[in-house]
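Each residue of the sequence shown is one higher than the last, beginning at 245 in this note's numbering. The beta-carbon is built from N, C-alpha and C at its ideal position, and this holds for glycine as well. Values in this document were obtained by computation on a predicted structure and should not be read as measured data.
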Amino acid sequence: MKNMITELLSPAGSYESFEAAIGAGADAVYVGGPAFGARAYAQNFTQEELITAIETAHIHNRKLYLTVNTLLKNRELDDQLFEYLLPYYEAGLDAVIVQDLGVFSFIRRNFPDLDIHASTQMTVTGPEGMRFLEEKGATRVVPARELSLEEISAMHKASPLEIETFIHGALCYSYSGQCLMSSIFGGRSGNRGRCAQPCRLSYEVLQGEKSLTGHHATPILSLKDMCTLPFLYELADHGVYSFKIEGRMKTPEYAAGVVSIYRKYMDSYLDGSRIPVEKKDIRALLELGNRGGFTNGYYYHHNDSDMLSGESASHNKSEGVLQDNIRREYVDTELKEKIKGKLILNKECPAKIEVQYGKIKVSYQGDMVLVAQNRPLTEEVVTEKITKTGNTPFVFEKLEVTMDDDIFMPVNQLNQLRRGALEALEEALLKPYERTLPELVETSSAETDRQTTGNAIKEKQISGQSLSQASGQQSAGSSTEVRVLIEDAEQLPAVLKADFVDTVYLDCMLYTRENLIRKLSEDIDRVHASGKKAFYVFPFIFRQQTSLFYEKIMPELKKLPLDGIMVRSLDEIAFIKEWGNENWQMVSDSNLYTYSNEAAEYFYRLGMIQDTIPVELNRKEILRRENSRSEIIIYGRLPLMITAQCIHKNTLGCMHQHKVLNLKDRYSVHFPVKNFCSECYNVIYNSLPVCLFKEDVTVKKIAPAAVRLSFTTETEEETEQILTIYGDIYKNGGILGQLPMECTNGHFKRGVE
245 MKNMITELLS PAGSYESFEA AIGAGADAVY VGGPAFGARA YAQNFTQEEL ITAIETAHIH
305 NRKLYLTVNT LLKNRELDDQ LFEYLLPYYE AGLDAVIVQD LGVFSFIRRN FPDLDIHAST
365 QMTVTGPEGM RFLEEKGATR VVPARELSLE EISAMHKASP LEIETFIHGA LCYSYSGQCL
425 MSSIFGGRSG NRGRCAQPCR LSYEVLQGEK SLTGHHATPI LSLKDMCTLP FLYELADHGV
485 YSFKIEGRMK TPEYAAGVVS IYRKYMDSYL DGSRIPVEKK DIRALLELGN RGGFTNGYYY
545 HHNDSDMLSG ESASHNKSEG VLQDNIRREY VDTELKEKIK GKLILNKECP AKIEVQYGKI
605 KVSYQGDMVL VAQNRPLTEE VVTEKITKTG NTPFVFEKLE VTMDDDIFMP VNQLNQLRRG
665 ALEALEEALL KPYERTLPEL VETSSAETDR QTTGNAIKEK QISGQSLSQA SGQQSAGSST
725 EVRVLIEDAE QLPAVLKADF VDTVYLDCML YTRENLIRKL SEDIDRVHAS GKKAFYVFPF
785 IFRQQTSLFY EKIMPELKKL PLDGIMVRSL DEIAFIKEWG NENWQMVSDS NLYTYSNEAA
845 EYFYRLGMIQ DTIPVELNRK EILRRENSRS EIIIYGRLPL MITAQCIHKN TLGCMHQHKV
905 LNLKDRYSVH FPVKNFCSEC YNVIYNSLPV CLFKEDVTVK KIAPAAVRLS FTTETEEETE
965 QILTIYGDIY KNGGILGQLP MECTNGHFKR GVE
């Protein structure tokens with residue numbers, strides 16, 4: 245289906261970039277305010293600049309979107325978010341871009357008529373996620389950047405929601421929202437807008453002791469910048485509504501230059517001419533900035549070594565005539581809207597002026613016109629003074645002057661006449677966008693319960709006590725459920741022998757599509773025979789082919805005696821709601837982020853019996869959180885990245901065989917990499933597993949419903965050793981034994997900014 249209405253969406257990291265972008269032809273601009281944006285190191289906007297930008301955008305019939313696309317902690321959401329958004333909401337902000345479902349819920353309740361765009365950080369990958377967000381009240385979805393044109397088309401057909409996709413600029417190596425690398429390496433979380441881009445560094449790839457990169461490091465995780473100009477029309481034909489340029493960290497010249505070139509071809513699409521792309525425009529885009537050339541992105545390829553930037557991991561740009569021309573044409577030149585005016589100056593009558601922009605017409609009355617005593621006003625002088633619009637957003641296209649011959653008005657009164665008329669016109673243009681909040685926002689009974697619970701939590705937190713502790717519930721210890729996740733079949737025997745394990749999470753990595761039902765059935769029987777519950781863990785990524793596969797096998801899967809499932813994406817939640825077994829208990833993994841109580845409650849209302857405490861929160865932040873329906877990971881290698889790119893394919897070739905490679909960084913630290921061929925994604929794990937065995941006292945204070953041990957790359961022997969040590973400490977009151985490998989506390993003590 246063809247979209248005959250499209251939007252060219254530009255980034256702006258500063259007010260100067262904003263003005264340059266709309267001057268170059270952007271239909272809308274997305275910006276970051278003083279807080280809660282995913283580019284914390286951009287210049288960003290002050291509150292005053294942001295309100296001015298909202299008004300300026302509307303005067304020029306453009307839109308402005310605010311990024312609130314980071315994860316918010318309890319105190320930020322409860323104490324800061326409302327006051328932060330209120331002035332922008334009242335000024336007529338067009339939409340907010342959101343990652344956090346707690347933030348999503350909060351905005352829907354408190355600002356009910358503010359449009360919400362689901363950020364690419366939500367990792368929405370299919371029609372199920374689209375329909376889910378449509379039902380929950382989003383107005384637009386920014387899907388994962390890894391999707392193909394066919395997948396985008398399927399999403400467009402499944403839901404009337406607007407689709408916004410990236411068309412130009414930098415690409416993340418990881419699925420957005422599924423990256424903890426910067427966070428783990430240095431405490432600068434991409435989920436908090438502070439990514440340090442460790443993916444642009446060089447790594448050596450190892451298979452055992454063998455180097456697959458010639459015994460030297462290479463930027464194997466660094467992708468070229470994307471350019472879609474050659475197939476822009478196809479994107480529109482496949483259902484894309486908003487064409488998004490990446491680059492809030494870049495210059496005004498970059499924003500204006502890229503916008504102006506894409507504007508040319510979007511106009512050609514809209515008028516039906518579809519002019520061919522000129523080579524000079526591709527050269528201009530390269531000159532504005534690139535990393536080792538351009539890539540088409542994922543629209544036509546699932547992954548590809550040609551997408552890698554090679555040694556050009558940094559962003560290259562040229563200074564010169566092009567940059568100078570862009571600055572002169574768009575950055576240093578203010579955009580003006582053409583208006584018409586009618587001026588009437590009759591002696592001994594008030595001066596009157598009428599100005600019109602489009603269909604908006606206003607009148608303004610000035611001071612009394614005097615009879616000239618000496619030199620009367622001429623039409624030339626009057627026209628000069630009235631059309632001197634200066635730093636206003638208007639310029640007179642036409643001014644009709646009707647005046648008597650022998651009249652006089654002081655210059656300051658003529659100036660005031662012009663200012664008053666233009667201010668009245670500006671006010672009339674902005675009036676339709678202004679909002680006031682309703683006096684009372686009604687809440688559902690579920691929401692009332694949430695607020696009541698939240699108040700109780702706050703009261704108990706004053707004394708450092710969680711809600712579950714205050715109600716007499718026992719914390720981590722004999723009553724806390726112990727759950728173990730395994731990704732390798734050889735880990736299962738050790739888990740089955742551990743009598744203190746209550747639940748076994750059988751990760752999808754254990755199976756191929758061909759043997760899933762048979763082997764999963766066998767494993768469930770073994771787990772049940774050992775007196776434990778069996779949960780199946782769905783993939784990290786749930787794209788179209790994955791959805792079709794599970795839809796096909798779901799009748800058989802529903803017959804298996806599973807006790808529950810773990811989900812890792814919004815698409816999976818929506819899919820299970822439609823196709824799954826209604827008796828399955830659902831647990832959400834830590835990558836479905838529940839930083840705040842509001843976010844956790846949102847997932848509970850979706851049917852989760854438990855969520856998993858996000859691994860980026862430190863112990864103090866976790867203690868401020870309600871944890872009685874949460875589980876905490878106390879052992880396991882954390883996934884640093886989930887990637888559509890395949891390190892195995894880009895070094896060894898695609899053999900559809902499971903292997904564990906290692907990335908070696910500049911400090912000779914090794915990071916295991918698994919390829920999950922059934923769903924065609926890689927998982928890059930941290931070099932060290934998290935281990936909180938020494939934090940027994942704090943874990944008890946946290947009072948989770950369950951603790952989890954996750955086994956990823958461990959051998960059967962290592963798995964058994966770790967379980968034995970855990971059992972001695974937590975179940976038998978023993979002391980910490982020697983772990984078979986070095987471990988880390990992760991973020992448990994330091995947290996993230």
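request  = Measure the alpha-carbon distance for V347 versus V739 and round it to whole angstroms.
outcome  = Taking the first residue of the sequence shown as 1, we reach residue 347 at position 103. Taking the first residue of the sequence shown as 1, we reach residue 739 at position 495. If you take the alpha carbons of V347 and V739, they lie about 38 Å apart.
Roughly how many angstroms lie between the CA atoms of L579 and I266, to the nearest whole one? Walking along the sequence shown from the start, residue 579 turns up at place 335. Walking along the sequence shown from the start, residue 266 turns up at place 22. If you take the alpha carbons of L579 and I266, they lie about 8 Å apart.
- Message: In whole angstroms, give me the CA-to-CA distance for C471 and P442.
- Response: Residue 471 sits at position 227 when you count from the first residue of the sequence shown. Residue 442 sits at position 198 when you count from the first residue of the sequence shown. Their Cα atoms are separated by approximately 23 Å.
Quiz item: So what's G977 in DSSP terms, helix, strand or just coil?
Solution: Counted from its first residue, the sequence shown places residue 977 at position 733. Coil.
_Let's see if you can read the secondary structure: which residues bound the alpha helix (DSSP H) around V748?_
Against the sequence shown, residue 748 aligns to sequence position 504. From DSSP, V748 is part of no alpha helix (DSSP H) but of the beta strand (DSSP E) over T747 to D751.
To the nearest angstrom, how far is it from the Cα of V685 to the Cα of N354? Along the sequence shown, one-based indexing puts residue 685 at 441. Along the sequence shown, one-based indexing puts residue 354 at 110. Residue confidence is low: V685 scores 47 on pLDDT, short of 50, so the model does not pin down where it sits. Its coordinate-derived value is still stated next. Approximately 7 Å between the Cα atoms of the pair.
Please determine, among E826, R507, Q343 and Y608, the residue with the shortest C-alpha to C-alpha distance to R662. By one-based count along the sequence shown, residue 662 stands at place 418. Of E826, R507, Q343 and Y608, the residue nearest in Cα terms is Y608.
key: Inter-stretch contact (C-beta, 8 Å, three-pair minimum) for the segment 484-496 and the segment 249-258   = yes
Quick check: the Cα distance between I876 and M425, rounded to an integer number of angstroms?
One-based indexing of the sequence shown puts residue 876 at position 632. One-based indexing of the sequence shown puts residue 425 at position 181. Cα to Cα, the separation comes out at about 20 Å.
Leaving out five residues on either side along the sequence, give the residues of the same chain with a beta carbon under 6 Å from the beta carbon of T895. Within the sequence shown, the letter at position 651 stands for residue 895. Excluding sequence neighbours, T895 sits near V449 and L456.
ask   = Less than 8 Å separating the beta-carbons of L467 and L415?
value = Numbered from 1 along the sequence shown, position 223 holds the residue referred to as residue 467. Numbered from 1 along the sequence shown, position 171 holds the residue referred to as residue 415. Cβ distance < 8 Å, so L467 and L415 count as in contact.
message: D481 and Y837 - do their beta-carbons sit closer together than 8 Å?
response: Taking the first residue of the sequence shown as position 1, residue 837 is located at position 593. Taking the first residue of the sequence shown as position 1, residue 481 is located at position 237. No; because the gap between Cβ atoms is not below 8 Å, this pair is not in contact.
task: Would you tell me roughly how many angstroms separate the C-alpha atoms of N635 and A264, rounded to the nearest one?
output: On the sequence shown, residue 635 is found 391 positions in, with the first residue counted as 1. On the sequence shown, residue 264 is found 20 positions in, with the first residue counted as 1. Distance between the alpha carbons of N635 and A264 is about 15 Å.
- Item | G585 - partner residues in DSSP beta bridges | Residue 585 sits at position 341 when you count from the first residue of the sequence shown. V599 and L643, per the DSSP bridge assignment.
Legend entry - Beta-carbon separation (whole angstroms), L566 vs E531, contact threshold 8 Å: On the sequence shown, residue 566 is found 322 positions in, with the first residue counted as 1. On the sequence shown, residue 531 is found 287 positions in, with the first residue counted as 1. The Cβ separation is near 5 Å, so the contact holds.
Just list the beta strand (DSSP E) runs in the segment 281-346, keeping only unbroken ones of 3 residues or longer that don't cross its boundaries, in chain order.
307-312 and 339-342
Could you tell me which residues DSSP puts in a beta bridge with L953? What you label residue 953 is simply residue 709 of the sequence shown in a count that begins at 1. Bridge partners of L953: V728 and Y879.
Are the Cβ atoms of S363 and V386 separated by less than 8 Å?
What you label residue 363 is simply residue 119 of the sequence shown in a count that begins at 1. What you label residue 386 is simply residue 142 of the sequence shown in a count that begins at 1. It is a contact, given that the beta carbons lie within the stated cut-off.
Same chain, Cβ closer than 8 Å to E800, neighbours up to 5 away in sequence not counted
The residue labelled residue 800 in the question sits at position 556 within the sequence shown. Result list for E800: I761, in chain order.
Give me the residue from V913, C890, R910 and V521 with the minimum Cα distance to V927. Here the question's residue 927 lines up with position 683 in the sequence shown. The option with the nearest alpha carbon to V927 is C890.
Check whether the segment 728-743 touches the segment 956-965, taking contact to mean three or more Cβ pairs, one atom from each stretch, closer than 8 Å. yes
Once DSSP output is grouped into helix, strand and coil, what is the label at T996? Within the sequence shown, the letter at position 752 stands for residue 996. It is worth fixing the name first, because residue 996 is Val in this sequence and not Thr. Three-state result, V996: coil.
Using only the alpha-carbon positions, how far apart do G775 and I973 sit?
Reading the sequence shown from its first residue, position 531 is the one you call residue 775. Reading the sequence shown from its first residue, position 729 is the one you call residue 973. Rounded to whole angstroms, G775 to I973 spans 22 Å at the Cα level.
Item to complete: Could you pull the start and end residues of the beta strand (DSSP E) that L905 belongs to?
Response: As a position in the sequence shown, residue 905 is number 661, starting the count at 1. First-last of the beta strand (DSSP E) with L905: V904 to K908.
- prompt: Roughly how many whole angstroms lie between the Cα atoms of F262 and R306?
  reply: Translated into positions along the sequence shown, residue 262 becomes position 18. Translated into positions along the sequence shown, residue 306 becomes position 62. Whole-angstrom Cα-Cα distance: 11 Å.
Beta-carbon gap between I797 and W828 smaller than 8 Å: Residue mapping note: residue 797 aligns to position 553 of the sequence shown, counting from 1. Residue mapping note: residue 828 aligns to position 584 of the sequence shown, counting from 1. No.
**Item:** Beta-carbon contacts of T577 that lie in its chain and below 7 Å, excluding the five residues immediately before and after
**Value:** On the sequence shown, residue 577 is found 333 positions in, with the first residue counted as 1. So the qualifying residues of the chain are G267.
ask   = Within 10 angstroms of its Cβ, does N618 collect 16 or more other Cβ (buried), or is it exposed?
value = As a first step, residue 618 is located in the sequence shown; it is residue number 374 there, counting from the start. Looking at its Cβ environment, which holds fewer than 16 other Cβ atoms inside 10 Å, N618 is exposed.
For S562, the nearest candidate out of R535, N547, Y513 and K586 (CA to CA): Reading the sequence shown from its first residue, position 318 is the one you call residue 562. Considering only alpha carbons, the answer is R535.
Query raised in the report: Who are the near neighbours of Y925 in its chain, counting only those whose CB is closer than 7 Å to its CB and skipping five residues on each side?
Result: Taking the sequence shown and counting its residues from 1, the one referred to as residue 925 is at position 681. Correct list, in chain order: F784, I785, I886, T887 and A888.
Practice task
Report back the beta-carbon spacing between D833 and E372 to the nearest angstrom; my notes put them in contact at under 8 Å.
Solution key: In the sequence shown, residue 833 corresponds to position 589, counting from 1. In the sequence shown, residue 372 corresponds to position 128, counting from 1. That pair is no contact at about 17 Å.
Which of the three DSSP states is assigned to M399 in this structure? In the sequence shown, the residue the question calls residue 399 occupies position 155. It is helical.
Quick check on G990: buried or exposed, where buried means 16 or more other Cβ atoms within 10 Å of its Cβ? Sequence index remark: in the sequence shown, residue 990 carries index 746 (1-based). Under this definition G990 is a buried residue.
Tell me the DSSP secondary structure of M653 in three-state form.
By 1-based counting over the sequence shown, the position of residue 653 is 409. If DSSP states are grouped into helix, strand and coil, M653 belongs with coil.
Cutting at 8 Å between CB atoms, please list the residues of its own chain near G516, excluding the five before and the five after it. As a position in the sequence shown, residue 516 is number 272, starting the count at 1. Cβ neighbours of G516 beyond the five flanking positions: none.
Checklist line | Delimiting residues of the beta strand (DSSP E) encompassing T856 | finding: Stepping through the sequence shown from its first residue, residue 856 is reached at position 612. From DSSP, the beta strand (DSSP E) with T856 extends over M852 to T856.
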